Amino acid sequence: MNKWDNNKAWFFILPVLVIVSFSAIIPLMTVVNYSVQDIFGPGQRLFVGVEWFKEVLLDGRLHEALWRQLAFSGLVLLIEMPLGIGIALMMPKKGWAASASLVILALPLLIPWNVIGTIWIIFTRPDIGLFGALVNSAGIAFDHTANAVDAWITLMLMEVWHWTPLVVLLAYAGLRAIPEAYYQAAKIDGASSWAIFRFIQLPKMRGVLTIALLLRFMDSFLIYAEPFVLTGGGPGNATTFLSIYLVKIAVGQFDLGPAAAFSLIYFLIILLFCWLFYQALQAVGTGEKS
Amino acid sequence: MARIELNGIKHSYLPNPSGENDFALKQIQTVWEDGGAYALLGPSGCGKTTMLNIISGLLKPSHGRILYDDEDVSPMQPEQRNIAQVFQFPVLYDTMTVYQNLAFPLKNRGVPKTEINKRVDEIAEALDLKQDLHKRAAGLSADAKQKISLGRGLVRSDVAAILFDEPLTVIDPHLKWDLRRKLKEIHKEFKLTMIYVTHDQVEAMTFADKVVVMYEGEIVQTGTPEELFETPEHTFVGYFIGSPGMNFIECTVDGTAALVDDVAIPLANSYGEKAMLSGGKLKIGIRPMYVGIHHEKVDDSIAAKVVGVEDQGFCRIVTARFGNHEIKTRVKDTRSIPDGQCWLTFPPDKTKLYSDERLVR
Numbered sequence: 242m243n244k245w246d247n248n249k250a251w252f253f254i255l256p257v258l259v260i261v262s263f264s265a266i267i268p269l270m271t272v273v274n275y276s277v278q279d280i281f282g283p284g285q286r287l288f289v290g291v292e293w294f295k296e297v298l299l300d301g302r303l304h305e306a307l308w309r310q311l312a313f314s315g316l317v318l319l320i321e322m323p324l325g326i327g328i329a330l331m332m333p334k335k336g337w338a339a340s341a342s343l344v345i346l347a348l349p350l351l352i353p354w355n356v357i358g359t360i361w362i363i364f365t366r367p368d369i370g371l372f373g374a375l376v377n378s379a380g381i382a383f384d385h386t387a388n389a390v391d392a393w394i395t396l397m398l399m400e401v402w403h404w405t406p407l408v409v410l411l412a413y414a415g416l417r418a419i420p421e422a423y424y425q426a427a428k429i430d431g432a433s434s435w436a437i438f439r440f441i442q443l444p445k446m447r448g449v450l451t452i453a454l455l456l457r458f459m460d461s462f463l464i465y466a467e468p469f470v471l472t473g474g475g476p477g478n479a480t481t482f483l484s485i486y487l488v489k490i491a492v493g494q495f496d497l498g499p500a501a502a503f504s505l506i507y508f509l510i511i512l513l514f515c516w517l518f519y520q521a522l523q524a525v526g527t528g529e530k531s
Numbered sequence: 064m065a066r067i068e069l070n071g072i073k074h075s076y077l078p079n080p081s082g083e084n085d086f087a088l089k090q091i092q093t094v095w096e097d098g099g100a101y102a103l104l105g106p107s108g109c110g111k112t113t114m115l116n117i118i119s120g121l122l123k124p125s126h127g128r129i130l131y132d133d134e135d136v137s138p139m140q141p142e143q144r145n146i147a148q149v150f151q152f153p154v155l156y157d158t159m160t161v162y163q164n165l166a167f168p169l170k171n172r173g174v175p176k177t178e179i180n181k182r183v184d185e186i187a188e189a190l191d192l193k194q195d196l197h198k199r200a201a202g203l204s205a206d207a208k209q210k211i212s213l214g215r216g217l218v219r220s221d222v223a224a225i226l227f228d229e230p231l232t233v234i235d236p237h238l239k240w241d242l243r244r245k246l247k248e249i250h251k252e253f254k255l256t257m258i259y260v261t262h263d264q265v266e267a268m269t270f271a272d273k274v275v276v277m278y279e280g281e282i283v284q285t286g287t288p289e290e291l292f293e294t295p296e297h298t299f300v301g302y303f304i305g306s307p308g309m310n311f312i313e314c315t316v317d318g319t320a321a322l323v324d325d326v327a328i329p330l331a332n333s334y335g336e337k338a339m340l341s342g343g344k345l346k347i348g349i350r351p352m353y354v355g356i357h358h359e360k361v362d363d364s365i366a367a368k369v370v371g372v373e374d375q376g377f378c379r380i381v382t383a384r385f386g387n388h389e390i391k392t393r394v395k396d397t398r399s400i401p402d403g404q405c406w407l408t409f410p411p412d413k414t415k416l417y418s419d420e421r422l423v424r
């Protein structure tokens, strides 16, 4: 058999290659192409090498947006993960109550992002919003359009309300998959409820919690619609996260080169964090203690 | 260590049981002697696991009391009962090492550290786990994991009994034998009461001094493996134990003979009156190995036809038919088997009479 015969099997991956080219490789390469050129208009372009990357990496406003973004995602994970696990632990295990709470929990997940933003704008309006008006009438000044902290609180509430159910559903699925014998053995071993959580439930949920953590990190790191609808990145730049800043450069100022360079850096940051999270959680699981 | 008594235990998983059939356990009255090795044998769904969970306290019975050494433990939680249970699948705390797994029950009970060290060391020694003591439990083989589950029970010095719920199900066949021998060793060494649930008769017969056979929520017989084989108290025991199971033929009784389709089969005793009085459906039962098969007519033999021969290596199982009845008989490999017409004999002392599935004495 000659080498050609041996390698014919490679043709089988052609369909995949074609699909992936159109869905990922070609768009990505277009961005790479933009990121190394200065584009003045159709047909007018100049190769500039890594100049845009330098410019973007040295951009003070981008640094601010990045720190803001990290703080936001960090807070989201710190609130949503424990809250989600807590709710999953308290949920009924079977019967109609279990089905009912699952459906109710899933409702926020079904609402489109921009609708969520609109709902919360109205909900927190100081004059007519249920929440905003109540808080203001209690003597606490609350206005997400004027006060940076209030804008963050509103965004956080919105985000937690919208996405904690995802963590709950995943954690709940993980909990239900634990065989009854583990709880029985723990009972016989005289384990406290904390020990059961720490040594049975948490380790057994590791897989689903990894997924929840990655999904929540990626999603919150890419957040766009909610702050855009709520305040458009304001007040000031208080809620100008990476994606909002990116759109300002790309669409607002039509600086395609820097925007493309920015996109690539953005993409690499997410990739890096996901890899770090994944590695950390895998290490906890297979647990070679240092 | 303790003697365990089940006193009028009944259990139903339904909130409002109406009939006998709603009960997973129907009126259990039994005693497990201190230091005994018992097997609880029965088909799936007969209530074995229910009974085990009631003994350990994972399940509260609908009726009745459980006594450990005459002390009523019915209201106690499993962790207060000094009982250990090994489950079908190895239950481990994945994130812990073998040592931490074994120490866990003691730690939860606030045992001092030096004492924990000593106990864990002892148990690891007995179970051959010493070389793995500081490895992660999750990475070990299934049989080692099952030994750890067992070890978590043994490590407590106050443990009254160890309950096994089909513990060898997930173990490779060639390791099953080793592990079962280990269990026997442990039993001898620690003199603990052991109750071993299984649906595998070989496992039950080799592990236990006494086998308790359950059927549809009731204990139908308790006895040594030999008693179960020779004198089954219930047709289910005859059918379930032995391979193939006992032959049962519906009959009527006249004095010292059982009549099957008007053919007389001699019995050891005169049952006539007793069997009639009980008024139940009568059957005779005989183990295949005791049924004689002959080429020629002999005394008290019945004419039959050979319809099948199954070679099992060390013996052959011959199926013979007379009337509407099929009789299986076990024939040693060296003997010749009649082809077609044959004559069967039923030794009277091996032919048992059953009325409504229960042995008539």
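Each protein sequence line maps, in turn, to chains H and D. First residue of the first sequence? That's 242 in our numbering, and the numbers climb one at a time after it. First residue of the second sequence? That's 64 in our numbering, and the numbers climb one at a time after it. Think of the CB as a built atom: it goes at the ideal place given N, C-alpha and C, for glycine as much as any other residue. All of these numbers come straight from a predicted model, not from anything done at the bench.
Rounded to whole angstroms, the separation of the alpha carbons of F508 (chain H) and P333 (chain H) is 40 Å.
Residues P351, V354, I356, V381 of the same chain have their beta carbon placed closer than 6 Å to that of T392 (chain D), with the five preceding and five following residues left out of the count. Residue contact with chain H for P141 (chain D): present (Cβ-Cβ distance below 9 Å to some residue of chain H). Boundaries for E178 (chain D): no beta strand (DSSP E) harbours it, while the alpha helix (DSSP H) harbouring it runs 176–189, taken from the DSSP string. Less than 9 Å separates the beta-carbon of P124 (chain D) from that of I117 (chain D). A Cβ-Cβ contact shorter than 9 Å links W393 (chain H) with T480 (chain H). Contact annotation: V272 (chain H) and E400 (chain H) have beta-carbon atoms that are not nearer than 9 Å. Rounded to the nearest angstrom, the Cβ distance from V149 (chain D) to I186 (chain D) is 14 Å, too far for a contact under 8 Å.
Secondary structure remark: continuous alpha helix (DSSP H) runs of at least 4 residues inside the segment 359–384 of chain H, in chain order: 371–378. Put simply, the CB of G216 (chain D) is near chain H, with a gap under 9 Å to one of its CB atoms. From the listed residues D:Q151, D:C314, D:M159, D:I400, the smallest Cα separation to L213 (chain D) is found for D:Q151. In the structure shown, the three-state DSSP call for L77 (chain D) is coil.
Remark: C-beta atoms of D396 (chain D) and G376 (chain D) approach each other more closely than 9 Å. Cβ proximity to chain H below 8 Å picks out P141, E142, I146, A147, Q148, F150, Q151, F152, V154, Y156, D157, T158, M159 from the segment 141–163 of chain D. According to DSSP, residue pairing for H357 (chain D) in a beta bridge involves D:W406. Taking 9 Å as the cut-off, the Cβ atoms of G325 (chain H) and V408 (chain H) count as close. Within the same chain, Cβ atoms closer than 6 Å to the Cβ of N145 (chain D) are found at D221, V222, A223, the five residues on either side in sequence being excluded. Residue contact check for G448 (chain H) against chain D: no CB pair falls below 9 Å. The three-state secondary structure of R457 (chain H), taken from DSSP, is helix.
K368 (chain D) places its beta carbon 9 Å or farther from that of R379 (chain D). The residues A100, Y101, A102, Y259, in chain order, have a CB closer than 7 Å to that of A271 (chain D) in the same chain once the five nearest residues on each side in sequence are set aside. Around the beta carbon of P295 (chain D), 16 or more other beta carbons sit within 10 angstroms, so the residue counts as buried.
Within chain D, not a single residue places a beta-carbon under 7 Å from that of F438 (chain H); the smallest gap is close to 12 Å. In chain H, no part has a C-beta under 9 Å from the C-beta of N180 (chain D); the shortest such distance is about 18 Å. Any Cβ of chain D closer than 9 Å to the Cβ of I326 (chain H) would place that residue at the interface, and such an atom is absent.
Secondary structure at C314 (chain D): coil, using DSSP grouped into helix, strand and coil. The shortest CA-to-CA distance from I390 (chain D) to any of D:T414, D:Q143, D:K193 is the one to D:T414. Counting along the chain, S418 (chain D) sits inside the beta strand (DSSP E) bounded by residues 415–418. The C-alpha of P288 (chain D) is placed about 27 Å away from the C-alpha of I328 (chain D).
Chain-order list of chain D residues neighbouring K335 (chain H): empty, with the shortest C-beta distance near 14 Å, by a criterion of under 7 Å.
With contact defined as three or more Cβ pairs closer than 8 Å, the segment 346–354 of chain H and the segment 405–419 of chain H are in contact. Looking at D:L322, D:C109, D:K346, D:K210, the one whose alpha-carbon comes closest to that of V276 (chain D) is D:C109.
Spatial neighbours of A201 (chain D) in its own chain (CB-CB distance under 8 Å, excluding positions within 5 residues in sequence) are listed in chain order as L155, D157, T158. The alpha-carbon of G301 (chain H) is positioned some 42 Å away from that of A329 (chain H).
Taking 3 residues as the minimum length, the beta strand (DSSP E) runs contained wholly in the segment 232–272 of chain D are 256–261, in order along the chain. Per DSSP, the unbroken alpha helix (DSSP H) holding E296 (chain H) starts and ends at 292–299.
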